[in-house]
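Student: Each number in the working numbering comes from the position in the sequence shown (counting from 1) with 18 added on. Have a look at this one before I ask anything.
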Amino acid sequence: NSAIKLAPSILSCDFSRLGEELDAISSAQYAHVDVMDGLFVPNISFGMPILAAARRASPLFMDVHLMIERPERYLKDFADAGADGITVHVEATQHIHRAVQQIRELGKRAGVTLNPGTPLEAMRPVLGDVDLVLVMSVNPGFGGQKFIPQSLERIRTLRRWLDELGSPAELEVDGGVTPANAKAVVEAGATVLVAGSAVYGKDGAQAGLQRFREALA
Ligand code: DX5
Ligand code: ZN
Numbered sequence: 019n020s021a022i023k024l025a026p027s028i029l030s031c032d033f034s035r036l037g038e039e040l041d042a043i044s045s046a047q048y049a050h051v052d053v054m055d056g057l058f059v060p061n062i063s064f065g066m067p068i069l070a071a072a073r074r075a076s077p078l079f080m081d082v083h084l085m086i087e088r089p090e091r092y093l094k095d096f097a098d099a100g101a102d103g104i105t106v107h108v109e110a111t112q113h114i115h116r117a118v119q120q121i122r123e124l125g126k127r128a129g130v131t132l133n134p135g136t137p138l139e140a141m142r143p144v145l146g147d148v149d150l151v152l153v154m155s156v157n158p159g160f161g162g163q164k165f166i167p168q169s170l171e172r173i174r175t176l177r178r179w180l181d182e183l184g185s186p187a188e189l190e191v192d193g194g195v196t197p198a199n200a201k202a203v204v205e206a207g208a209t210v211l212v213a214g215s216a217v218y219g220k221d222g223a224q225a226g227l228q229r230f231r232e233a234l235a
């Protein structure tokens, strides 16, 4: 299925070879950039300087996933560092509409997401205002975790809600996505697949991406 977009997560790449690791995913649609603050999630990844380096090294669309408390504090910094799209968690801000609005005003693609334990209803009020909806299929914080099976039902529900609204928003899925479950995730209604360990994990990202394309063909 060629309409499905792949978004390899550079969290799983070799940062000492960031430029080459980005070259290896140049056939993908987005580079997924996982920012963690050690507060919203129990891990720290990287921030603006690494995004800026990735931006200099690659023309890929930078799909930035902010796993940080009160993301509104840093939206402009991430936009300036080279984000093309910015996704924020409903749990991380008191004012999700304002955060989405700010991303829009910065001229970036606005995305919203939520943790697997958060009712989907929390996202419903902003569904009509976003360009991308991200379903987390693991508890965010680490690469290489197992896909939570109940996520498929959540993807189906969001697919229905977006269709009811007539929304053209992308429906992205992140966490534990592999060539083995990619087809089921797409059949549930996803249009963008994030994958970290399954792309960069074994024999290089080009081979990893190829396995996804075969699984989706
Ligand atoms: C999880 C991150 C994911 C992660 C995915 O906290 O948001 O984007 O990098 O990694 P895999 O595909 O290995 O689950
Ligand atoms: Zn992510």
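Even for Gly, the Cβ is constructed at its ideal location relative to N, Cα and C. Computed from a predicted structure; not experimentally measured.
Taking only the alpha-carbon atoms, compute the straight-line gap between N133 and Q163 and give it to the nearest angstrom.
Tutor: Their Cα atoms are separated by approximately 14 Å.
Student: Hey, out of Q119, H107, G56, L150, whose CA is closest to A140's CA?
Tutor: Nearest option by C-alpha distance: H107.
Student: Considering only the beta carbon of each residue, do G129 and I104 sit closer than 8 Å?
Tutor: Contact flag set, yes.
Student: Given E232, which residues of its chain have a CB within under 8 Å of its CB, disregarding the five upstream and five downstream residues?
Tutor: Taken in chain order, the residues that qualify are P197.
Student: What does E188 pair with, by DSSP beta-bridge criteria?
Tutor: Bridge partners of E188: L150.
Student: Sorted by chain position, which residues of the same chain lie with C-beta nearer than 7 Å to A42's C-beta, five sequence neighbours on each side aside?
Tutor: So the qualifying residues of the chain are G222, A223, Q224.
Student: Closest to V86 by CA distance: which of I28, S215, G194, A110 is it?
Tutor: Here residue 86 turns out to be Ile, not Val, going by the sequence shown. For the residues I28, S215, G194, A110, the minimum Cα distance to I86 belongs to A110.
Student: In terms of alpha-carbon separation, which member of I62, R35, Q47 lies closest to M54?
Tutor: Out of I62, R35, Q47, I62 has the C-alpha closest to the C-alpha of M54.
Student: With distance defined between alpha-carbon atoms, name the residue in E90, A99, I173 nearest to Q112.
Tutor: When each option's Cα is compared against that of Q112, the closest is E90.
Student: Ends of the alpha helix (DSSP H) at R67?
Tutor: In the sequence under discussion, the amino acid at residue 67 is Pro, which differs from the Arg named in the question. 66-75 is the extent of the alpha helix (DSSP H) around P67.
Student: Can you have a look at S44 and say buried or exposed, based on whether 16 or more other CB atoms are within 10 angstroms of its CB?
Tutor: With fewer than 16 Cβ atoms within 10 Å of its Cβ, S44 is classed as exposed.
Student: Which full runs of the alpha helix (DSSP H) of 4+ residues lie inside the stretch 92-138, going along the chain?
Tutor: Taking only runs of at least 4 residues, the alpha helix (DSSP H) segments lying wholly in the stretch 92-138 are 93-99, 114-123.
Student: Looking at C-alpha atoms only, which residue of A208, L78, G194, A99 is the closest neighbour of F64?
Tutor: Cα-wise, what sits closest to F64 is A99.
Student: Once the 5 residues before and after V212 are set aside, which same chain residues still bring their CB inside 7 Å of it?
Tutor: Excluding positions up to five away in sequence, the list reads A25, S27, H50, E190, V191, D192, V195.
Student: Measure how close the beta-carbons of L57 and K94 come, nearest whole angstrom, since I'm counting them as under 8 Å.
Tutor: With a Cβ gap of about 20 Å, L57 and K94 do not count as contacting.
Student: Beta carbon of A70, beta carbon of L40: below 8 Å?
Tutor: It is not a contact, given that the beta carbons lie outside the stated cut-off.
Student: Is F96 buried or exposed, if buried means 16 or more other CB atoms sit within 10 Å of its CB?
Tutor: Looking at its Cβ environment, which holds 16 or more other Cβ atoms inside 10 Å, F96 is buried.
Student: Helix, strand or coil: which one does DSSP assign to D221?
Tutor: It is coil, neither helix nor strand.
Student: Looking at W179 and R122, is the spacing between their C-beta atoms short of 8 Å?
Tutor: Cβ distance not < 8 Å, so R122 and W179 don't count as in contact.
Student: Which word fits S34, buried or exposed, when buried means at least 16 other C-beta atoms lie within 10 angstroms of its C-beta?
Tutor: Its Cβ having fewer than 16 others within 10 Å, S34 is exposed.
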